[in-house]
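In the numbering used here, the protein residues as written are 169 to 575.
One structure is given below, encoded as structure tokens.
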């Protein structure tokens with residue numbers, strides 16, 4: 169049934185009206201909720217599945233691996249939390265790859281809510297969708313394709329939608345990476361397609377680590393979380409929260425609330441707009457001085473460094489209320505750049521940060537915390553540092569996979 173409808177959708181006439189196209193799009197999205205059967209064994213961990221995450225030491229990017237195409241080739245991808253699609257360089261041929269035409273329902277779905285118009289093209293050409301390398305800022309239009317993608321223990325999707333990108337878009341990605349895996353809120357982002365194809369809840373949890381991290385798609389993995397609303401920022405489909413205030417060792421900084429703080433897996437360290445960074449570092453240096461910390465020459469990309477010591481000031485991000493705080497302590501605030509020097513792991517983003525945001529929470533500050541993105545409720549759940557509680561991402565992963573449910 170689903171296959172027949174899909175084939176019909178590829179024959180949609182470009183002369184159909186916009187209203188008719190939208191009705192077909194709604195029908196297509198409804199049909200996608202049907203779970204696609206698989207001839208291979210599917211293993212679900214508590215109603216979801218795991219992706220292993222590895223940190224690249226050189227680029228500080230977080231990568232995972234999927235099996236894509238026929239034959240099924242291991243494909244290394246950089247995890248992009250706010251990314252709107254899976255995009256990759258399609259240099260390797262695949263006998264099961266098919267390109268999607270303009271005016272088809274998958275094309276309309278891929279372009280809905282994006283920067284490109286969703287009006288079907290009058291010519292029967294391949295559907296092109298906007299794509300970006302957020303690290304370099306390079307953009308292009310990728311050809312929308314579909315192919316077999318296996319995500320975990322035989323869990324495969326026969327017609328997973330992704331973008332074929334030019335090779336130059338791979339510049340600055342981790343060695344061996346063939347593209348990026350987006351977990352944003354678009355209809356062709358990885359999580360959206362996983363929800364539609366595997367009938368799992370609309371949430372995922374991520375635990376980044378300098379060693380073994382993971383992403384768990386499906387129901388939550390921890391009840392010991394604090395929650396804050398995920399907010400919408402005009403023109404952006406990533407994940408943002410409001411920060412009402414920042415405190416250092418309990419002292420509140422003289423700052424206006426920061427609306428729309430982005431949570432990012434491709435920005436290595438928390439980045440602040442210059443005026444905020446100046447106030448923040450001045451207050452931090454003052455708190456460090458009261459703790460007899462010794463400043464030393466800064467080491468790029470950091471602006472504030474000290475002689476190494478164990479105890480350092482604590483940073484609090486106060487979210488929607490005084491009782492909901494994101495604590496940044498020790499391991500998540502200081503970067504050990506040598507045996508004797510450590511630097512405050514925050515960087516100056518200048519006056520014109522990309523995306524018109526004033527602050528981005530970077531990967532280093534996210535490490536060893538569980539972050540649960542609940543797309544159904546629009547809430548972010550976050551844990552205290554696992555390391556301070558004697559735990560780790562690796563231990564959490566082992567706990568999740570210890571009792572698999574095999575279908």
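Even glycine gets a Cβ: it sits at the ideal position worked out from N, Cα and C.
Query                                                                                                          : Result
Residue 297, DSSP secondary structure in three states                                                          : strand
Unbroken beta strand (DSSP E) run spanning residue 581, endpoints                                              : The structure shown does not extend to residue 581, since the chain spans only 169 to 575, so no value can be given for it.
contact_flag[the region 533–553, the region 372–383] where n(CB pairs < 8 Å) is 3 or more                      : yes
Cβ-based neighbour list, residue 263, same chain, cut-off 6 Å, excluding 5 preceding and 5 following           : 238
CB contact flag (residue 342, residue 232, <8 Å)                                                               : no
Where the beta strand (DSSP E) through residue 437 begins and ends                                             : Here residue 437 belongs to no beta strand (DSSP E), and DSSP marks it neither H nor E.
Closest residue to residue 381 among 221, 555, 546, 563 (Cα-Cα distance)                                       : 221
Same chain, Cβ closer than 6 Å to residue 258, five either side skipped, listed in chain order                 : 332
Given 8 Å, three or more beta-carbon pairs between the region 472–485 and the region 496–512                   : yes
Per-residue burial, residue 367 [other beta carbons within 10 Å of its own, 16 or more giving buried]          : exposed
CB contact flag (residue 347, residue 256, <8 Å)                                                               : yes
Simplified DSSP assignment, three categories, for residue 565                                                  : helix
Candidates 394, 563, 339, of which the one nearest residue 246 by Cα                                           : 339
Supposed close pair residue 530, residue 458 - CB separation, criterion 8 Å                                    : Their Cβ separation, rounded to whole angstroms, is 27 Å, which puts residue 530 and residue 458 out of contact at 8 Å.
Buried versus exposed call for residue 379 [16 or more other C-beta atoms within 10 Å across all chains shown] : exposed
Complete beta strand (DSSP E) runs within the region 445–484 (minimum length 3 residues, chain order)          : 473–475
Endpoints, the alpha helix (DSSP H) within which residue 216 is located                                        : Per DSSP, residue 216 belongs to no alpha helix (DSSP H) and is neither H nor E.
Neighbour-count burial assignment, residue 519, 16 or more Cβ in a 10 Å radius                                 : exposed
Cβ pair count under 8 Å reaching 3, the region 494–506 against the region 548–558                              : yes
Coarse secondary structure for residue 415, derived from DSSP in three states                                  : strand
Cα-Cα separation between residue 562 and residue 270, rounded to whole angstroms                               : 44 Å
Residue burial classification, residue 527 (beta-carbon count within 10 angstroms, cutoff 16)                  : buried
Endpoints, alpha helix (DSSP H) assigned at residue 275                                                        : 273–279
Range of the contiguous beta strand (DSSP E) that encloses residue 246                                         : 241–248
Cα-Cα separation, residue 267 to residue 430                                                                   : 33 Å
At least 3 beta-carbon pairs within less than 8 Å: the region 384–399 vs the region 412–419                    : no
Start and end residues, beta strand (DSSP E) containing residue 542                                            : 539–542
Proximity to residue 490 [Cα-Cα], best of 412, 542, 435                                                        : 412
Candidates 330, 300, 427, 387: closest to residue 544 by CA position                                           : 387
Spatial distance of residue 326 from residue 218 (CA atoms)                                                    : 19 Å
Three-way DSSP call (helix, strand, coil) for residue 585 in this model                                        : Lying before the first or after the last residue shown, residue 585 is absent from the chain, which here runs from 169 to 575.
Nearest-angstrom Cα separation, counted from residue 298 out to residue 282                                    : With a pLDDT of 49 at residue 282, under the threshold of 50, the predicted position of this residue should be treated as unreliable, though the coordinate-derived value follows. About 8 Å.
Separation of residue 301 from residue 496, as counted between CA atoms                                        : 28 Å
Completely contained beta strand (DSSP E) runs for the region 313–398, where each covers 3 or more residues    : 323–333, 347–350, 371–375, 380–385, 394–397
Residue 319 versus residue 355 - alpha carbon distance                                                         : 18 Å
Three-state class that DSSP yields for residue 265 in the structure shown                                      : coil
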